[in-house]
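Chemist: Using my numbering, the first residue of the sequence shown is number 144, and each one after it goes up by one.
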Amino acid sequence: MEGRLRTVFEPRGSEGRPDARDGRIKGGRNMKRFEGIYPAIITPIDEMEQINEKALAQVIERSVAQGVAGFYVSGSTGESFLLRDEQRAQLIRAVCEIVGGRRDVIANIGAFSTKGSIELAHVAAKSGATAVSAVPPFYFPYSKQEIVQYYFDIAKAAGLPVIIYNIPKMSGVSFKTGELIELLAHEGIAGVKQTTMDLMQTETLVRTCGNKAVFNGHDEILLPALSVGVKASIGSTFSIMADVFIRLMKAFDAKDMERARYLQGKANAMIKTLLEIGIFPAIKGVLKLQGIDCGNCIKPFQPLKTADYDKLEKALADLYDGEPA
Numbered sequence: 144m145e146g147r148l149r150t151v152f153e154p155r156g157s158e159g160r161p162d163a164r165d166g167r168i169k170g171g172r173n174m175k176r177f178e179g180i181y182p183a184i185i186t187p188i189d190e191m192e193q194i195n196e197k198a199l200a201q202v203i204e205r206s207v208a209q210g211v212a213g214f215y216v217s218g219s220t221g222e223s224f225l226l227r228d229e230q231r232a233q234l235i236r237a238v239c240e241i242v243g244g245r246r247d248v249i250a251n252i253g254a255f256s257t258k259g260s261i262e263l264a265h266v267a268a269k270s271g272a273t274a275v276s277a278v279p280p281f282y283f284p285y286s287k288q289e290i291v292q293y294y295f296d297i298a299k300a301a302g303l304p305v306i307i308y309n310i311p312k313m314s315g316v317s318f319k320t321g322e323l324i325e326l327l328a329h330e331g332i333a334g335v336k337q338t339t340m341d342l343m344q345t346e347t348l349v350r351t352c353g354n355k356a357v358f359n360g361h362d363e364i365l366l367p368a369l370s371v372g373v374k375a376s377i378g379s380t381f382s383i384m385a386d387v388f389i390r391l392m393k394a395f396d397a398k399d400m401e402r403a404r405y406l407q408g409k410a411n412a413m414i415k416t417l418l419e420i421g422i423f424p425a426i427k428g429v430l431k432l433q434g435i436d437c438g439n440c441i442k443p444f445q446p447l448k449t450a451d452y453d454k455l456e457k458a459l460a461d462l463y464d465g466e467p468a
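1) May I ask which residues mark the beginning and end of the beta strand (DSSP E) holding V373?
2) When DSSP labels each residue in this structure, what does I297 get in the three-state scheme?
3) Can you have a look at L418 and say buried or exposed, based on whether 16 or more other CB atoms are within 10 angstroms of its CB?
4) Output the boundary residues of the beta strand (DSSP E) element that contains I252.
5) By DSSP, does A333 sit in helix, in strand, or in coil?
6) Output needed for V349: all residues of its chain with C-beta closer than 8 Å, excluding positions within five of it in sequence on either side, in chain order.
7) Three or more C-beta pairs closer than 8 Å, one from the segment 189 to 197 and one from the segment 221 to 241: is that the case here?
8) In the DSSP assignment, the beta strand (DSSP E) including S276 goes from what residue to what residue?
9) When the Cβ atoms of the segment 431 to 446 are set against those of the segment 399 to 410, are three or more pairs found closer than 8 Å?
10) What's the C-alpha gap between K448 and E178?
11) Would you kindly check if the distance between the Cβ of S260 and the Cβ of A254 is under 8 Å?
12) How many angstroms separate the CA atom of K398 from the CA atom of A375?
13) Count the other CB atoms, across all protein chains shown, that sit within 10 Å of the CB of Y308; report buried if there are 16 or more and exposed otherwise.
14) Would you decide whether S219 is buried or exposed? Buried here means 16 or more other CB atoms lie within 10 Å of its CB.
15) Decide if G315 is buried, meaning its Cβ has at least 16 other Cβ atoms within 10 Å, or exposed.
16) S256 to P280, Cα distance in whole Å?
17) Can you find the residues in the same chain that come closer than 7 Å, C-beta to C-beta, to A198, ignoring five residues on each side of it along the sequence?
18) Three-state secondary structure (DSSP) at N411?
19) Would you kindly check if the distance between the Cβ of A425 and the Cβ of D451 is under 8 Å?
20) Look up F444 in the DSSP assignment and say whether it is helix, strand or coil.
21) Within 10 angstroms of the Cβ of P304, are there 16 or more other Cβ atoms? Answer buried if so, exposed if not.
22) Please classify M384: is it buried, with 16 or more other beta-carbons within 10 angstroms of its beta-carbon, or exposed?
23) Within a Cβ cutoff of 8 Å, which residues of the same chain sit near E456, ignoring the five residues on either side of it in sequence?
24) Starting from V202, follow the beta strand (DSSP E) in both directions and report where the run begins and ends.
25) Under three-state DSSP, which class holds V291?
26) In chain order, what residues of the same chain lie with their CB nearer than 6 Å to the CB of R172, ignoring the 5 residues before and after it?
27) Terminal residues of the continuous alpha helix (DSSP H) containing V429?
28) Mind checking whether H361 and M340 have CB atoms under 8 Å apart?
29) Tell me which residues share the same chain as L365 and place their Cβ nearer than 7 Å to its Cβ, disregarding the 5 neighbours each side in the sequence.
30) So, under 8 Å CB-CB, A274 and K175 are touching, yes? Tell me the CB distance rounded to an integer number of Å.
31) Here's a check: name, in chain order, each residue in its chain whose Cβ is nearer than 6 Å to the Cβ of T320, leaving out the five neighbours to either side.
32) Could you round the C-beta distance between I235 and A212 to whole angstroms and report it? I think they count as a contact, below 8 Å.
Right, dumping it as C-alpha cells:
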C-alpha cells in the first residue's frame, strides 16, 4: 500500500480519520465497545456433515453460563470454508437465535468474492448479529488496493460494524501496521482480530486506533496481549476452557500477575496437546469428553484415535489440577 489510499468509501469530515495533531484515530459515533472473552465457536456436525443445532445450543449455553462476552461464528475454528454457503448462513442464523441477544455475536462473513461476503453480511444483519468480520480474500494474488477495497465495499453494504480478520498464516495476506491503521480509519470498520504473534503491531494498533477494538486472536499469548492494552480476545479454545481465561483476565485486572501467569501456563499446556493432535479435531474431542458430542470435523479432517482421547483426557485433568486459591 503506497501512500495514502483514497476511495469513494472513505469517511467524510473528521469522524473515523486520523487526528491531524497526534495521529490517533477517532472512532465513529456510538462505536461498540468490545471487552472480554469471545469463543470462536466450533460447528457441531452429524454423520452426514449436517449442522447439529442441538449440540450447538449446548456449547453456547455452557459458555454463556461461564460468563463469556459473546461469540465469533463461522470462523476458522468453525470450519467455515469447509461448509457450503447455505450451511454458513444456517450457522449464523442458528447462533443468533440461540444467543437471543444475551451476548454479542460476531459473524465471519469473509468469502472468496466481495458479493459472497456481502450476501452473508446481510444474513448476519437480518439475524441480529452485533457485528461482522471478514478474512481477506485469498487464493488469487490480489493487490493490497483490491483487498482494501474489498473491506470498504463490505463496510458500505453490511449495515453492521466490520471487524478485520488479520490471520496471515491462514490467509496468506500479511498486513503492514500502517495498512491496518489506514483500514481502521474508515468509520464503518470497528476493529481488527489480531491472529498474529506480532505483539508490536498489536500494541501500536491499541495505542493509535482510539476506540476501535483490537482483539487478541492467539489464546496462548492472551496475557502478553493484555499487557499491551488489549481488552478483548477471540479464541479457538474458549469453548473448552473459557472459565480459565476469564479467571486469567480477572487476575490481570486485579494486578495478580502470579495467578495470571499460572493460568496462562495451565492453558498453554492444554493448547500444546491440542496442537500436537490437531487443534480443531482435538477441540471437538475435548468437548466430547466434557459431555457435548459435536461430531468429527468435516472431511478431509480425520476422526480422532483412542490414543488421542487418552492424551486429551490427561491434559484436561491437568488443566484443573492444583490451581492456587
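Ideal placement from N, C-alpha and C gives every residue a C-beta, glycine not left out. Note that the structure is a prediction, hence the values are computed from the model and not measured.
Modeler: With the given structure in hand:
1) As a position in the sequence shown, residue 373 is number 230, starting the count at 1. First-last for V373: undefined, no H or E at that position.
2) Start at 1 with the first residue of the sequence shown, and residue 297 comes out as number 154. Helix, per DSSP.
3) In the sequence shown, counting from the first residue as 1, residue 418 sits at position 275. With fewer than 16 other Cβ atoms within 10 Å, it is exposed.
4) Counting from one through the sequence shown, the residue named residue 252 turns up at place 109. Here I252 belongs to no beta strand (DSSP E), and DSSP marks it neither H nor E.
5) One-based indexing of the sequence shown puts residue 333 at position 190. In this structure, A333 counts as strand in the three-state DSSP scheme.
6) As a working mapping, residue 349 is identified with position 206 in the sequence shown. If the five residues before and after V349 are omitted, its C-beta is found closer than 8 Å to the C-beta atoms of V357, V371, G372 and V373, all from its own chain and listed in chain order.
7) At 8 Å Cβ cutoff, the stretches touch.
8) The sequence position of residue 276 within the sequence shown is 133, counting from 1. Element bounds for S276: A274 to A277.
9) Contact between the segment 431 to 446 and the segment 399 to 410 is absent, because fewer than three Cβ pairs lie under 8 Å.
10) Counting from 1 along the sequence shown, the entry for residue 448 is found at position 305. Counting from 1 along the sequence shown, the entry for residue 178 is found at position 35. If you take the alpha carbons of K448 and E178, they lie about 37 Å apart.
11) Taking the first residue of the sequence shown as position 1, residue 254 is located at position 111. Taking the first residue of the sequence shown as position 1, residue 260 is located at position 117. In this structure, A254 places its C-beta atom within 8 Å of the C-beta atom of S260.
12) Residue mapping note: residue 398 aligns to position 255 of the sequence shown, counting from 1. Residue mapping note: residue 375 aligns to position 232 of the sequence shown, counting from 1. When rounded, the distance between both Cα atoms is 17 Å.
13) For the purposes of this step, residue 308 is identified with residue 165 of the sequence shown, where counting begins at 1. When all chains shown are included, Y308 counts as buried.
14) By 1-based counting over the sequence shown, the position of residue 219 is 76. By the neighbour-count rule (16 or more Cβ atoms within 10 Å), S219 is buried.
15) Counting from one through the sequence shown, the residue named residue 315 turns up at place 172. Residue environment for G315: exposed (fewer than 16 other C-beta atoms within 10 angstroms of its C-beta).
16) If you number the sequence shown from 1, residue 256 lands on position 113. If you number the sequence shown from 1, residue 280 lands on position 137. S256 and P280 have their C-alpha atoms spaced approximately 7 Å apart.
17) Here residue 198 is taken as the residue at index 55 of the sequence shown, counted from 1. Within the same chain, and ignoring the five residues on either side of A198 in sequence, the residues whose Cβ sits closer than 7 Å to its Cβ are P187, I435, D436 and C437.
18) Counted from its first residue, the sequence shown places residue 411 at position 268. N411 sits in a helix when the DSSP states are folded into three classes.
19) As a working mapping, residue 451 is identified with position 308 in the sequence shown. As a working mapping, residue 425 is identified with position 282 in the sequence shown. Going by C-beta atoms, D451 is nearer than 8 Å to A425.
20) Numbered from 1 along the sequence shown, position 301 holds the residue referred to as residue 444. DSSP places F444 outside both helix and strand once states are collapsed to three, so it counts as coil.
21) The sequence position of residue 304 within the sequence shown is 161, counting from 1. If you draw a 10 Å sphere on the C-beta of P304, you find 16 or more other C-beta atoms in it, and that means buried.
22) Position 241 of the sequence shown, counted from the start, is the residue given in the question as residue 384. By the neighbour-count criterion, in which a residue is buried when 16 or more other Cβ atoms sit within 10 angstroms of its Cβ, M384 is buried.
23) Walking along the sequence shown from the start, residue 456 turns up at place 313. Non-local C-beta neighbours of E456 in its own chain, meaning closer than 8 Å and more than five positions away in sequence, comprise L432, ordered along the chain.
24) In the sequence shown, counting from the first residue as 1, residue 202 sits at position 59. Per DSSP, V202 belongs to no beta strand (DSSP E); it is in the alpha helix (DSSP H), E196 to Q209.
25) Within the sequence shown, numbered from 1, the residue matching residue 291 stands at position 148. For V291, the three-state secondary structure derived from DSSP is helix.
26) Numbered from 1 along the sequence shown, position 29 holds the residue referred to as residue 172. Reliability fails at R172, whose pLDDT of 44 lies under 50, so the model's placement of it is uncertain and the value that follows must be treated cautiously. Same-chain partners within the cutoff: there are none.
27) Walking along the sequence shown from the start, residue 429 turns up at place 286. Segment I422 to L432, the alpha helix (DSSP H) holding V429.
28) To locate residue 361, count along the sequence shown from 1; it is residue 218. To locate residue 340, count along the sequence shown from 1; it is residue 197. Pairing H361 with M340 gives a Cβ-Cβ distance under 8 Å.
29) Position 222 of the sequence shown holds residue 365. In the same chain as L365, and ignoring 5 residues on each side of it, the C-beta atoms closer than 7 Å to its own belong to N359, S376, F388, L391 and Q407, in chain order.
30) Here the question's residue 274 lines up with position 131 in the sequence shown. Here the question's residue 175 lines up with position 32 in the sequence shown. At roughly 7 Å, the Cβ-Cβ gap stays under 8 Å, so A274 and K175 are in contact.
31) Here the question's residue 320 lines up with position 177 in the sequence shown. When the five nearest sequence neighbours on each side are left out, the beta carbons in the same chain lying within less than 6 Å of the beta carbon of T320 are those of Q344 and T347, in order along the chain.
32) In the sequence shown, residue 235 corresponds to position 92, counting from 1. In the sequence shown, residue 212 corresponds to position 69, counting from 1. About 18 Å; that fails the 8 Å criterion.
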